[in-house]
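Participant:
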Amino acid sequence: MGLKLQQSHHHSVAVKVSEQMGTKRGYTFIQANRAWLPKFLLLWVMVMAFMSTWIYKNMDADNKVRRKEVLSSMCDQRARMLQDQFSVSVNHVHALAVLVSTFHYYKNPSAIDQETFAEYTARTAFERPLLSGVAYAERVVHSEREKFERQHGWTIKTMQREPSPIRDEYAPVIFSQETVSYIESLDMMSGEEDRENILRARATGKAVLTSPFRLLGSHHLGVVLTFPVYKSKLPLRPTVEERIEATAGYLGGAFDVESLVENLLGQLAGNQAILVNVYDITNSSDHLIMYGHENQDGDLALLHESKLDFGDPFRKHQMICRYHQKAPTSWTALTTAFLFFVICLLVGYILYGAAIHIVKVEDDFHEMEELKVRAEAADVAKSQFLATVSHEIRTPMNGILGMLALLLDTELSSTQRDYAQTAQVCGKALITLINEVLDRAKIEARKLELETVPFDLRSILDDVLSLFSEKSRNKGVELAVFVSDKVPEMVMGDPGRFRQIITNLVGNSVKFTERGHIFVKVHLAENTKSMVDAKAETCLNGRPDENVLISGARQFKTLSGYEAADERNSWDSFKHLVADEELRYDASINMTVADEASRSVSLMVSVEDTGIGIPLIAQERVFMPFMQADSSTSRNYGGTGIGLSITKCLVELMGGHISFISRPQVGSTFSFTAVFGRCKNASFTDTKKSNAEDLPSGFRGLKAIVVDGKPVRAAVTRYHLKRLGILVEVASSIKIAASACGKNGSSCGSKIQPDIILVEKDSWLSGEDGGLSLRILDWKQNGHAFKLPKMILLATNITNAELEKAKAAGFADTMIMKPMRASMVAACLQQVLGIGKKRQSGTDMLNGSSVLRSLLFGKKILVVDDNIVNRRVAAGALKKFGAAVECAESGKAALKLLQLPHCFDACFMDIQMPEMDGFEATRRIRMMESQANEQMNGGMDEGSARKGEWHVPILAMTADVIHATYDECLKCGMDGYVSKPFEEENLYQAVAKFFKAKPISDS
Amino acid sequence: MLGLGADRLRADMNRLLAFLFHQGILDEQFLQLQQLQDESSPNFVSEVVNIYFHESEKLLRNLRSLLMDREFSDYKKMRIHLNQLMGSSSSIGAKRVRNVCVAFRAASEQNNRAGCLRALEVLEHEYCFLKNKLHELFQIEQQRVLAAGVRYPMQN
Chain A
1 MGLKLQQSHH HSVAVKVSEQ MGTKRGYTFI QANRAWLPKF LLLWVMVMAF
51 MSTWIYKNMD ADNKVRRKEV LSSMCDQRAR MLQDQFSVSV NHVHALAVLV
101 STFHYYKNPS AIDQETFAEY TARTAFERPL LSGVAYAERV VHSEREKFER
151 QHGWTIKTMQ REPSPIRDEY APVIFSQETV SYIESLDMMS GEEDRENILR
201 ARATGKAVLT SPFRLLGSHH LGVVLTFPVY KSKLPLRPTV EERIEATAGY
251 LGGAFDVESL VENLLGQLAG NQAILVNVYD ITNSSDHLIM YGHENQDGDL
301 ALLHESKLDF GDPFRKHQMI CRYHQKAPTS WTALTTAFLF FVICLLVGYI
351 LYGAAIHIVK VEDDFHEMEE LKVRAEAADV AKSQFLATVS HEIRTPMNGI
401 LGMLALLLDT ELSSTQRDYA QTAQVCGKAL ITLINEVLDR AKIEARKLEL
451 ETVPFDLRSI LDDVLSLFSE KSRNKGVELA VFVSDKVPEM VMGDPGRFRQ
501 IITNLVGNSV KFTERGHIFV KVHLAENTKS MVDAKAETCL NGRPDENVLI
551 SGARQFKTLS GYEAADERNS WDSFKHLVAD EELRYDASIN MTVADEASRS
601 VSLMVSVEDT GIGIPLIAQE RVFMPFMQAD SSTSRNYGGT GIGLSITKCL
651 VELMGGHISF ISRPQVGSTF SFTAVFGRCK NASFTDTKKS NAEDLPSGFR
701 GLKAIVVDGK PVRAAVTRYH LKRLGILVEV ASSIKIAASA CGKNGSSCGS
751 KIQPDIILVE KDSWLSGEDG GLSLRILDWK QNGHAFKLPK MILLATNITN
801 AELEKAKAAG FADTMIMKPM RASMVAACLQ QVLGIGKKRQ SGTDMLNGSS
851 VLRSLLFGKK ILVVDDNIVN RRVAAGALKK FGAAVECAES GKAALKLLQL
901 PHCFDACFMD IQMPEMDGFE ATRRIRMMES QANEQMNGGM DEGSARKGEW
951 HVPILAMTAD VIHATYDECL KCGMDGYVSK PFEEENLYQA VAKFFKAKPI
1001 SDS
Chain B
1 MLGLGADRLR ADMNRLLAFL FHQGILDEQF LQLQQLQDES SPNFVSEVVN
51 IYFHESEKLL RNLRSLLMDR EFSDYKKMRI HLNQLMGSSS SIGAKRVRNV
101 CVAFRAASEQ NNRAGCLRAL EVLEHEYCFL KNKLHELFQI EQQRVLAAGV
151 RYPMQN
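Residue numbers (full-length UniProt numbering), protein chains in the order written: chain A, 1 to 1003; chain B, 1 to 156.
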């Protein structure tokens, strides 16, 4: 139910996050108006369409104006020319009239007859190009008709060529040009237009025109021009009657307007382009066409009217011009407008596209952002879920493990025990896995913090190696550690995490290695460079001596002789390191001063194995969580693949980086750097006791010879012995060692007399063992040696037969099983040499409640818990193991009881208590102790009987088993913690830490 | 015959225990508690459980009075009580009571009065159930001890 509630809480958090996103989401202008975008585009297109039509119209209007101007100018020009030509003809007719009056009437007899007139007019016809012909008609009143007819010899005929009926007056043509001779003797007054014309002309005395009509003899339209001819001179300003009286005859000419205009236009350029019509508009309602076609074709839209003045004020004429063809569409205007429109359209579309793109990109961006937030939320949720779930799993797992532990305490058959033990192992593995997952989650949430406490790197490495010693020994894999002398003994850092890294790497190596060796090497990171140089040197030198062929197999100068992935660990470079150290070791006393100056030390740790290696394709993702080399790995070797990723994170937290070199079927070398703080000397001694295992110092000054054909391995052995203060010589074979000894022996120990000879099993087996025993016998016989050197065999694994053989060969003393660790070697040596007979407490090997009982028996223990039930249970549990328990129900009560001098051996303190919690109480107790310690150290000499230090072990009791709580416990000065429902093993582990050191005789 | 009775009583007790485990009322911590009981402290379990009952009843009373105070419910105090109850419950292995306490605490963390009241009722119910069952268990235990006690002198 708690879980469910928590989940709903998460859910609400997620909702909140998304809400926050919604409000945070910023809108740009384009984004805000996204719905308007198509409308904007449409509007733009429409506006542009309008613009382009406007442009088109403008240009078109210009064109039209120009066209109109052209038309009007052309029209005017034609009208003027027509008018001029016309008036020229009129003038000439006028002159003819004058001629006729002068020579026909003023001369008596008349000087003109038809012949003369005809000839004259014919010869002057060029002067009147417009006139088809001229004729003279005499005025004849009816009374004179007979006389006239007689005189001329013909009768007056009408236009229809019939004898004229009787009229008041006649106007028969007497002279005529030859072109119009057919009208001689016709009475002009009989034609309607002519008559009218005649009457008007004699009344005005000016040239008059008829309205257009079809001329006789031709079908062309024409007008007739009529001039009056007067008999006598007219008075100035004559009246109409006077004029009529004086009229003698009429001179007429026919204008063939059609051919006239045709001729005229023919002379002008561009007459094809325009259409010309000439009208008589005397009668304004009925325009009579004089020239042109009545049916109106051509461009009706545009026409130009020009006035024509033919000299007859009574008649009005007009010329109308229009273009033949309609105005051609203006292609330039059209193209310009169209191109403008297209360009604008494109621009608009580009802008629209850009806007759409922006919107899309922004949308995508927002979507991505949202997804990112969701992913992050999911990640957080995942981490929380992992943390919660692993925490929730741990509680029942503790129950399962507890029950299994209880079950194993009961009477079980061997099968049942086996099952139960398996279950327990599995459960423990599961807990480890869950812890790893928690670690991973914590690292991801960046909540993992490293502590900084002084610790002994070497002892941690020893511990880790001894963890895996069983496994490696079973596999026959050699496990070794080497720490450079320059690495300070105590460094500041997080021992737990360092151990975790090493455990992980070595664990991996052990898992994947079936033969050869696993070699952990620690040195200062600064040395790496010189090693690389050294390596380069060997490369330059070529490799003639690198590989030594032994019995057909390639032998490498590595720890076990198998090839390793990274050649840096082979002897060629390793010896540089060792030699380097050798040199500096003497100088190190001086160097330390300089070294102390730098606050931190950067270490390079490499773990080399000769396992199956990592497939090339998998090498990239080795450090990715949950990725194993391939899926078959987990089937064959187990594991989750989370370890290396955690390792990487931890290394990075330690300020270093991890890398590896791996060759399939050859092996892998993982190396990482880490930065640790240097310890100040003051705190060094303090912490050494509590943290580091004490190595017995009884071996100082002893001398040893290590016989090993493999220099790297010899260096490792030497390193371990050196830590015990033993001086070491290395001999590559027994012969050399023996000869060295022998020489020394014979020359009365001028050099070293070895106390111990350590022989590597391989060297012993390969070398002739007989020689050694002979040597030993030799020594015995010589009696040179005051005491014989102890013979010790070093072996990774050994068969019984070999063991027997070894014993027979003189290794009766002992043999040391690898992997070596200083304390173990010390124990063995103690056994062999009989130094410091005090037996190391062997509690490590034992387990179970009897041990716990022996540890706790008779101890006075204070249990502090506010909860009476818990108090009672804890007291009951501790009492069961024989402890004398006293209880306190609060932090304050505990403080009172824990006054100095302490009468309790240990205190179990609940963390969650009202008023004063466990942390606070512990802090106060520690403060009190430190004050007391200071006073005492100040007041008394160090040689006081007291131990010199007050420190009551305080163990936290807590229900939750998170590392953070543990860290907190250590921070405020507690020595450890136990999970609250007491678990035997847990209790033992916690208690053993500080009760072990005390002699058992106490109990 | 009496020996048979003792065996039957033991079987009854085991059945009852199995039932309590199966229902999740108790967990392995109770077994741990029983392990702690030996000759030197023959009544350890009943002693502890009685202390537990005493304490729990006090706490439940307090919780109820705190919740009944309509105007002002002191959730912080409530949580302290609940932590106490949770601690002691997990110590004797009263799993279901403990779980209800967890839910109760969650409700009080959200100042959810209705949820608290509901949780309190469930808690009281669980507690009564546990108490009855444990009393039953102790009764059988007592009878068994009596039966065993009767038997040993007879054999001797």
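We treat Cβ as the ideally placed atom computed from N, Cα and C, and that holds for glycine.
If you draw a straight line from the C-alpha of Val487 of chain A to the C-alpha of Asp456 of chain A, how long is it?
Facilitator: Straight-line Cα distance between these residues: approximately 10 Å.
Participant: Determine the burial state of Ala32 of chain A: buried for a count of at least 16 other Cβ atoms within 10 Å of its Cβ, exposed for fewer.
Facilitator: Note on Ala32 of chain A: under 16 other CB atoms within 10 angstroms of its CB, so exposed under the neighbour-count rule.
Participant: Within a Cβ cutoff of 6 Å, which residues of the same chain sit near Ile281 of chain A, ignoring the five residues on either side of it in sequence?
Facilitator: His287, Lys316, Gln318
Participant: Return the residues of the segment 376-398 of chain A that lie within a Cβ-Cβ distance of less than 7 Å from chain B, sorted by chain order.
Facilitator: none
Participant: Nearest chain B C-beta to Arg872 of chain A closer than 7 Å, yes or no?
Facilitator: Yes, its Cβ sits closer than 7 Å to a Cβ of chain B.
Participant: Assess contact between the segment 223-231 of chain A and the segment 259-266 of chain A, defined as three or more Cβ pairs (one per stretch) separated by less than 8 Å. Is contact present?
Facilitator: no
Participant: Let me know if Ile198 of chain A comes out buried or exposed under the rule of 16 or more other beta-carbons within 10 Å of its beta-carbon.
Facilitator: Classification of Ile198 of chain A: buried, given that the 10 Å Cβ count is 16 or more.
Participant: Would Met403 of chain A count as contacting chain B if we go by Cβ distances under 7 Å?
Facilitator: yes
Participant: Excluding the five sequence neighbours on either side, which residues of its own chain have a C-beta within less than 8 Å of the C-beta of Met397 of chain A, listed in chain order?
Facilitator: Gly427, Leu430, Ile431, Ile434
Participant: Which ranges does the beta strand (DSSP E) cover as unbroken runs of at least 3 residues, wholly within the segment 853-925 of chain A, from first to last along the chain?
Facilitator: Taking 3 residues as the minimum length, the beta strand (DSSP E) runs contained wholly in the segment 853-925 of chain A are 860-864, 884-888, 906-910, in order along the chain.
Participant: Let me know the secondary structure DSSP gives Phe310 of chain A once reduced to three states.
Facilitator: coil
Participant: Do you know whose CA, among A:Val952, A:Glu478, A:Arg497, lies nearest residue 1021 of chain A's CA?
Facilitator: No information on residue 1021 of chain A is available, as it lies outside the stretch 1 to 1003 that chain A covers here.
Participant: Do you know whose CA, among B:Leu33, B:Arg15, B:Asn14, B:Arg10, lies nearest Leu406 of chain A's CA?
Facilitator: B:Leu33
Participant: Report yes or no: do three or more beta-carbon pairs, one from the segment 873-880 of chain A and one from the segment 920-927 of chain A, lie closer than 8 Å?
Facilitator: no
Participant: List, in chain order, every chain B residue whose beta-carbon is nearer than 7 Å to that of Val869 of chain A.
Facilitator: Val48, Ile51, Tyr52, Glu55, Ser88, Ser91, Ile92
Participant: Between the C-alpha atoms of Asn43 of chain B and Glu28 of chain B, what's the straight-line distance to the nearest angstrom?
Facilitator: 19 Å
Participant: For a contact meaning CB atoms closer than 7 Å, what does Asn111 of chain B contact in chain A?
Facilitator: Under the 7 Å cutoff, chain A gives no residues; its nearest Cβ is about 13 Å from Asn111 of chain B.
Participant: May I ask which residues mark the beginning and end of the beta strand (DSSP E) holding Leu275 of chain A?
Facilitator: 274-280
Participant: Relative to the C-alpha of Leu31 of chain B, which residue among B:Ser40, B:Leu20, B:His135 is closest?
Facilitator: B:Leu20
Participant: Show which residues of chain B have a CB atom less than 7 Å away from the CB atom of Ala877 of chain A.
Facilitator: Leu36
Participant: Whole angstroms are fine: how far does the CA of Trp331 of chain A sit from the CA of Ala207 of chain A?
Facilitator: Take the alpha-carbon of Ala207 of chain A and the one of Trp331 of chain A: they are about 52 Å apart.
Participant: Residues of chain A with CB under 8 Å from Ser41 of chain B, in chain order?
Facilitator: Gly876, Lys879
Participant: Could you pull out every residue in the same chain whose Cβ sits closer than 6 Å to the Cβ of Val483 of chain A, ignoring the five residues on either side in sequence?
Facilitator: Arg458, Val522
Participant: Measuring straight from C-alpha to C-alpha, what distance separates Met1 of chain A and Arg105 of chain B?
Facilitator: In this predicted model, Met1 of chain A has a pLDDT of only 43, less than 50, meaning its place in the structure is not dependable; the value taken from the coordinates is given anyway. Near 11 Å, if we compare the C-alpha coordinates of Arg105 of chain B and Met1 of chain A.
Participant: Run through the segment 161-246 of chain A for me and flag every whole alpha helix (DSSP H) of 4 or more residues, listed as ranges in chain order.
Facilitator: 192-204, 240-246
Participant: Within 10 angstroms of the Cβ of Arg128 of chain A, are there 16 or more other Cβ atoms? Answer buried if so, exposed if not.
Facilitator: buried
Participant: Within 10 Å of its beta-carbon, does Ile174 of chain A have 16 or more other beta-carbons around it, so buried, or fewer, so exposed?
Facilitator: buried
Participant: Taking Leu300 of chain A as the reference, which of A:Thr958, A:Leu71, A:Phe623, A:Tyr966 has the closest Cα?
Facilitator: A:Leu71
Participant: With a CB to CB cut of under 7 Å and the five nearest residues on each side skipped, what residues in its chain are close to Asp917 of chain A?
Facilitator: Gly891, Ile911
Participant: Over what stretch of residues does the alpha helix (DSSP H) that includes His720 of chain A continue unbroken?
Facilitator: 711-723
Participant: Name the residue from A:Lys722, A:Arg723, A:Pro711 whose alpha carbon lies nearest to the alpha carbon of Ser733 of chain A.
Facilitator: Closest in C-alpha terms to Ser733 of chain A, from the list A:Lys722, A:Arg723, A:Pro711, comes A:Pro711.
Participant: The alpha helix (DSSP H) spanning Cys649 of chain A covers which residue range?
Facilitator: 643-653
Participant: Cβ closer than 7 Å: which chain C residues qualify as neighbours of Asp27 of chain B?
Facilitator: The displayed structure is made up of protein chains A and B, and chain C is not among them.
Participant: Between the beta-carbon of Val464 of chain A and the beta-carbon of Thr513 of chain A, is there less than 7 Å?
Facilitator: no
Participant: What do you get for Arg98 of chain B, buried or exposed, if any count of 16 or more other CB atoms within 10 angstroms of its CB means buried?
Facilitator: buried
Participant: So the candidates are A:Met654, A:Ser211, A:Leu897, A:Ile705; which of them puts its Cα closest to the Cα of Leu758 of chain A?
Facilitator: Checked all of A:Met654, A:Ser211, A:Leu897, A:Ile705; the closest Cα to Leu758 of chain A is A:Ile705.
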